[in-house]
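The sequence shown begins at 1 in the numbering used here and counts up by one. The beta carbon of each residue, even a glycine, is placed where N, CA and C say it ideally should be. Beneath this line is the structure, given in structure tokens, with notes to follow.
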Amino acid sequence: MLENISKINIVRIGDCMTYSSLKEIGEKILASFQGMIEDFKVCHHEAPAVERFDALFLTMILHEEFGGHVLGITDSDLTTHDEDEFYNTILGGKNAQNHVAVVSTKRLSPSEIISEADYDLIFDRTVKVSLHEVGHNFGLTDHASFQQASDGSLCPMSRGEFNKFGYWGYVRAIIDGRGMNFCDECIHFLKQFQPIRHPLAGMMKDKFYLH
Ligand SMILES: [Zn+2]
Ligand SMILES: [Zn+2]
1 MLENISKINI VRIGDCMTYS SLKEIGEKIL ASFQGMIEDF KVCHHEAPAV ERFDALFLTM
61 ILHEEFGGHV LGITDSDLTT HDEDEFYNTI LGGKNAQNHV AVVSTKRLSP SEIISEADYD
121 LIFDRTVKVS LHEVGHNFGL TDHASFQQAS DGSLCPMSRG EFNKFGYWGY VRAIIDGRGM
181 NFCDECIHFL KQFQPIRHPL AGMMKDKFYL H
């Protein structure tokens, strides 16, 4: 049985962000998933200030602690067991066995945060990566192409090719290019969404979505 995912717990891991920023992320998630997510709650997970977390392990801990639909946000790196070094640190990921997604702000940040614009940029990027991972919780899959929403921005599920851009090129071209609205294809999919009969539910086990 799959849990109800119309409510989401937004969990701050350590001291990565202010309460008001987390609330704002929650509001934006509600706006982008209108009719799908009706409510959010800001929570806190006590964690040491470490360089990195094992992403999959962190999702399991958050699942144990909070259960249900969870988005965890940290400013530590999130690592995977991928042998390819290029892919073993991720911006965000989702555990395919539950509804827990995690996002790291660490590599979304400019090297120095001087102005309010720098902070706004990190905040926007965090929202965009969060929308992508929460989209996976609803069974949405990546667009390899540059798929646009009706407002002309890239759909939050756009992934593009990591290799083609290099790291910062990727963040600027794909993440910054994403908007807050999903494309028609994703909206259509979300409208059909049936948590109990989700066709991918049985096949997503043991796979951790990276990005
Ligand atoms: Zn993805
Ligand atoms: Zn889309």
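- Item | Spatial neighbours of Asp-118 in its chain, beta-carbon cut-off 6 Å, leaving aside the 5 residues before and after | Along the sequence shown, one-based indexing puts residue 118 at 118. Excluding sequence neighbours, Asp-118 sits near Pro-110.
- Own chain residues within Cβ distance below 7 Å of Met-17, not counting five before or after: To locate residue 17, count along the sequence shown from 1; it is residue 17. The residues are Ile-73.
- Query: Should Pro-199 be labelled buried (16 or more other beta-carbon atoms within 10 Å of its own) or exposed?
  - Reply: Indexing the sequence shown from 1 puts residue 199 at position 199. In this prediction, Pro-199 has a pLDDT of 49, which is less than 50 and means its spatial position is unreliable; nothing more can be read from the coordinates.
- Measure the beta-carbon distance from Phe-53 to Ser-20 and round it to whole angstroms, keeping in mind my assumption that it falls under 8 Å. If you number the sequence shown from 1, residue 53 lands on position 53. If you number the sequence shown from 1, residue 20 lands on position 20. So it is not a contact: roughly 24 Å between Cβ atoms.
- Item | Inter-stretch contact (C-beta, 8 Å, three-pair minimum) for the segment 88-104 and the segment 121-136 | yes
- Is Arg-52 near ligand 1, judged by its Cβ being under 8 Å from some heavy atom? For the purposes of this step, residue 52 is identified with residue 52 of the sequence shown, where counting begins at 1. No, since every heavy atom of ligand 1 falls outside the 8 Å radius drawn around the Cβ of Arg-52.
- Considering only C-alpha positions, which residue in the set His-143, Ala-101, His-188 is nearest to Ile-5? Counted from its first residue, the sequence shown places residue 5 at position 5. Among His-143, Ala-101, His-188, the Cα nearest to that of Ile-5 is on Ala-101.
- Message: Could you check whether the segment 24-40 touches the segment 55-64, counting it as contact only if at least three pairs of C-beta atoms, one from each stretch, sit closer than 8 Å?
- Response: no
- Item | Of the listed residues Asn-98, Phe-123, Ile-90, nearest to Gly-67 (C-alpha basis) | Working through the sequence shown from its first residue, we reach residue 67 at position 67. Among Asn-98, Phe-123, Ile-90, the Cα nearest to that of Gly-67 belongs to Asn-98.
- Task: Under 8 Å by Cβ, that's how I've got Ile-10 and Val-42 pegged, so tell me the actual separation to the nearest angstrom.
- Result: Here the question's residue 10 lines up with position 10 in the sequence shown. Here the question's residue 42 lines up with position 42 in the sequence shown. Confirmed, Cβ separation roughly 5 Å.
- Query: Taking any heavy atom of ligand 2 as the mark, which residues have a C-beta closer than 6 Å to it, listed down the chain?
  - Reply: His-143, Gln-147, Cys-155, Met-157, Phe-182, Cys-183, Glu-185, Cys-186
- Query: When the Cα atoms are used, what is the spatial distance from Gly-179 to Ile-187?
  - Reply: Within the sequence shown, residue 179 is the residue found at index 179, counting from 1. Within the sequence shown, residue 187 is the residue found at index 187, counting from 1. Cα-Cα distance, rounded: 14 Å.
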